[in-house]
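Enquirer: Just passing along the structure, written as structure tokens.
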Amino acid sequence: MFEAAIAMSRKWDATDAGQEIGEQIISKLKNKPKFVLLFSTIHYEKHGGFQKFLDAVNSKLPERTPVVGGTVAGFMNNYGCYTRGASALAVYSDEMDVAVGVGHNTKRNPKKAGLDCLKSLTTIKNSKHSQKIVIDFISGVTMPKFPFMERVVVVRNHNRVVGELINLLLVSSTIVFQKGIAREEEVLQPIVDVLSNSYIFGGGNEDDNNFRNNYQFYNGSVFENSITALGISFNQSIRLKSGHGYYPIGEPIKNVKKRVWNRTILEMDGKPATKKYMEALGWSDDLLDDVRQFHRRFMFNPIGGFDESNKVYPAVLGAYLGSNYGTGCPVPGNKLTLLRTSGLRQINIIDDILPRANPKFAFFIGCGNILETLGSQLYKLKEKIDQRMTTPYLMVFTAGEHNRIPGQPIRNYQSTLNVLSIE
Amino acid sequence: MPEETMLNVLEELLREDDILAVMLARKNEISVSPSPDKFKLRDPSIFALLQSTMNDFFAVIEKFSSQGLDKVYFELGNYEVMFFLISGDTALVAVIPALANKGLLEVEMENSRRAIKKLI
């Protein structure tokens, strides 16, 4: 016996929304849920708060129902596409073992956070069921705190000394204030080391793509700067696919110097990275004057890196920090290239990753960049899913996506679309 | 048209932080909009100007509607105006800050447009 159900609320008040989610889960499943993946947009921060939201969900669920999730930029499910509200995926199986874990201070001490989270998850290692997966959510990247500055997107100065000073501030902000880099791969490595036969599928929690704040949900508690994870063991087949819509253009870029946990590129081809980037694009620095167009312009033309299997992954420009090309996720490899995409290519990613007809359920994690790029065209992506699937599905949009297939290293991406389906 | 229900859709949309003003504009008819005191515009004259020029807009919009015109955007100083066409003579119009995350707002604009289409 296997059941999956999607719950959703569009109510503005945190308590009302939480109750509606809980009630829908109970009414749609014939059995008590084995776990609930719960997500909401950042709105409830101002409309009652996330503790009330979570209390309300839990008030309707059976006691000790495992709940993990957090805030996301938006979501898509069988009913539509939304950038306000809450949605949940609830699952029951009579042959399933479930564990939940949590770890704190992911930005300051990621290894300890990962080890703390792992403590509870290790129970699935000895489960009699053959398939094992960890579904996790980690506090995503947030805008760093710099003295006397509110939000730094562009610093027009190619001096390497200024670049190194900015890198120092970025590292300090991350460690001292926990405002900055998410360091997901460091959080996850202890889990990968111990649960080596497990799949991993997760994303970075975020707000409305402003990167001010985000929250993690763990059973009845709300946390910040944490990892919350669900370990599941069962016998159904797992299918995990990942894709993006970028393709390489131009000459390979070498002599790369990276900093800040591989999130900033200081130099490319021996030149200040931002200078080289603008030269490769053939664009003038004057385009940086209009900060409001910054992300829209650069989202389609990022730098990309190659992983060990020579697959290219995008590292979209998040901030132009002096000589540093700043991005949200680690830039893979030391050979880089300029990439290009289009809105149509972003929609067509789904053709490569979509599950075979009607899995038991599908859980998608997509980058908030894709949501921002497609806007209302997201419904075109949904149409493609609906043509193929009638079973429950949920897609959430996060700040960075990560996954792992057993035997392979953890991959921490951005601007990708990923799907976990149970078939 | 069931105006009160239309109004509910518009008022729901207006609750979004970055939707500063909203209306359902109709050619040669009075537009439906929440009470202007609910708007979050620093410069209310922009909305008054939009209302008073809607018929001129529709004269242009109608010419392009047979070519599949779906949305119109324009930047207006510190604001951006989004037109989501519902038919050749009806449009959902919203004013947002120039620095807003337009992609996210578009998703909720689309949901409102779909809700209004169901009501028409």
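Order-wise, the sequence lines are chains A and B. Residue 319 in our numbering sits at position 319 of the first sequence; the count goes up by one each step and never skips. If you want our numbering, it's the 1-based position in the second sequence plus 423. C-beta: ideal position from N, C-alpha, C; glycine also. The structure presented is a predicted model; accordingly, all values stated were derived computationally and were not measured.
1) Starting from Gln24/A, trace the alpha helix (DSSP H) in both directions and tell me its first and last residue.
2) On the criterion of 16 or more Cβ atoms from any shown chain inside 10 Å, does Leu472/B qualify as buried, or is it exposed?
3) For the segment 76 to 110 of chain A, which residues have a beta carbon sitting closer than 8 Å to at least one beta carbon of chain B?
4) Please go through the same chain and pick out, in chain order, the residues whose beta-carbon is closer than 8 Å to the beta-carbon of Asn31/A, but skip the five residues on each side of it.
5) May I have the straight-line CA-CA distance separating Leu443/B from Pro520/B, to the nearest angstrom?
6) Can Ile133/A and Ala88/A be called in contact, C-beta distance under 8 Å?
7) Look at Ser235/A and His129/A and say whether their C-beta atoms are less than 8 Å apart.
8) Give a yes or no on whether the minimum CB-CB distance between Met532/B and chain A is below 8 Å.
9) Under 8 Å: do the segment 342 to 349 of chain A and the segment 196 to 206 of chain A share three or more Cβ pairs, one atom per stretch?
10) Under 7 Å Cβ to Cβ from Arg297/A, same chain only, skipping five residues before and after it: list those, please.
11) Secondary structure at Ile181/A, three-state DSSP: helix, strand or coil?
12) Locate the alpha helix (DSSP H) running through Gly318/A, then write down its first and last residues.
13) Any idea if Asp136/A is buried or exposed, counting beta-carbon neighbours within 10 angstroms, 16 or more meaning buried?
14) What ranges does the alpha helix (DSSP H) occupy inside the segment 336 to 378 of chain A, keeping only unbroken runs of at least 4 residues that lie completely in it?
15) Quick check on the DSSP output: what are the complete beta strand (DSSP E) runs of length 3 or more inside the segment 448 to 518 of chain B, in order along the chain?
16) Going by DSSP in three states, Glu423/A sits in which element: helix, strand or coil?
17) Considering Cα atoms alone, identify which of Glu186/A, Gly333/A, Thr142/A is closest to Ser309/A.
18) If distances are taken between C-alpha atoms only, which option among Leu354/A, Ala280/A, Asn262/A, Lys384/A comes closest to Pro330/A?
19) Closer than 8 Å, CB to CB, is Arg465/B near chain A or not?
20) Under a three-way DSSP split, which group does Gly163/A fall into?
21) Between which two residues does the alpha helix (DSSP H) holding Pro110/A run?
22) Could you check what DSSP says for Tyr277/A in three-state terms: helix, strand or coil?
23) Can you list, in chain order, the residues of its chain whose CB lies under 6 Å from that of Lys241/A, leaving out five sequence neighbours each side?
24) Ala523/B by DSSP, collapsed to three states: which one?
25) With a CB to CB cut of under 7 Å and the five nearest residues on each side skipped, what residues in its chain are close to Met299/A?
26) Mapping the DSSP letters down to three states, classify Lys311/A as helix, strand or coil.
27) By how many angstroms is the C-alpha of Tyr82/A removed from the C-alpha of Gln189/A?
28) Report the option in Thr228/A, Gly85/A, Val187/A whose CA atom is closest to the CA atom of Lys46/A.
29) Would you tell me roughly how many angstroms separate the C-alpha atoms of Asn197/A and Arg411/A, rounded to the nearest one?
30) Contact between the segment 434 to 441 of chain B and the segment 238 to 258 of chain A: three or more CB pairs below 8 Å?
31) Measure the alpha-carbon distance for Lys311/A versus Asp512/B and round it to whole angstroms.
32) Determine the burial state of Gln490/B: buried for a count of at least 16 other Cβ atoms within 10 Å of its Cβ, exposed for fewer.
33) Going by C-alpha distance, which of Glu533/B, Leu527/B, Phe480/B is nearest Ile42/A?
34) Less than 8 Å between the beta carbons of Asn324/A and Leu281/A, yes or no?
35) Would you mind stating whether Asp103/A and Cys117/A have Cβ atoms separated by less than 8 Å?
36) Determine which residues of the segment 376 to 387 of chain A have a Cβ less than 7 Å from any Cβ of chain D, and write them out in chain order.
Expert: Put simply:
1) 14 to 28
2) exposed
3) Gly80, Cys81, Tyr82, Thr83, Arg84
4) Once the five neighbours on either side are set aside, the close Cβ partners of Asn31/A are Met1, Glu3, Tyr92, Asp94.
5) Taking C-alpha positions only, Leu443/B is separated from Pro520/B by approximately 7 Å.
6) no
7) According to the sequence as given, residue 235/A is Asn; it is not Ser. The answer is yes: Cβ separation under 8 Å.
8) yes
9) Counting Cβ pairs under 8 Å, fewer than three are found: no touch.
10) Leu287
11) coil
12) DSSP places Gly318/A in no alpha helix (DSSP H); its state is neither H nor E.
13) Asp136/A counts as buried, since at least 16 other C-beta atoms from the protein chains shown sit within 10 angstroms of its C-beta.
14) 343 to 353, 368 to 374
15) 494 to 499, 502 to 510
16) coil
17) Of the listed residues, the one whose Cα sits closest to Ser309/A is Gly333/A.
18) Asn262/A
19) Under the Cβ distance rule, Arg465/B does not count among the residues neighbouring chain A, no pair being separated by less than 8 Å.
20) It is helical.
21) 110 to 121
22) helix
23) Excluding positions up to five away in sequence, the list reads Ile353, Val419.
24) coil
25) Listed in chain order, the non-local C-beta contacts of Met299/A below 7 Å within the same chain comprise Val316, Asn369, Thr373, local neighbours out to five positions each way being set aside.
26) Judged by DSSP in its simplified three-state form, Lys311/A adopts coil rather than helix or strand.
27) 33 Å
28) Gly85/A
29) 15 Å
30) no
31) In a straight line, the C-alpha of Lys311/A is about 49 Å away from that of Asp512/B.
32) Exposed is the label assigned to Gln490/B, since fewer than 16 other Cβ atoms lie within 10 Å of its Cβ.
33) Leu527/B
34) no
35) It is Gly, not Asp, that sits at residue 103/A in the sequence shown. Their beta carbons are under 8 Å apart, which means Gly103/A touches Cys117/A by this criterion.
36) Absent here is chain D; the protein component of the structure consists of chains A and B.
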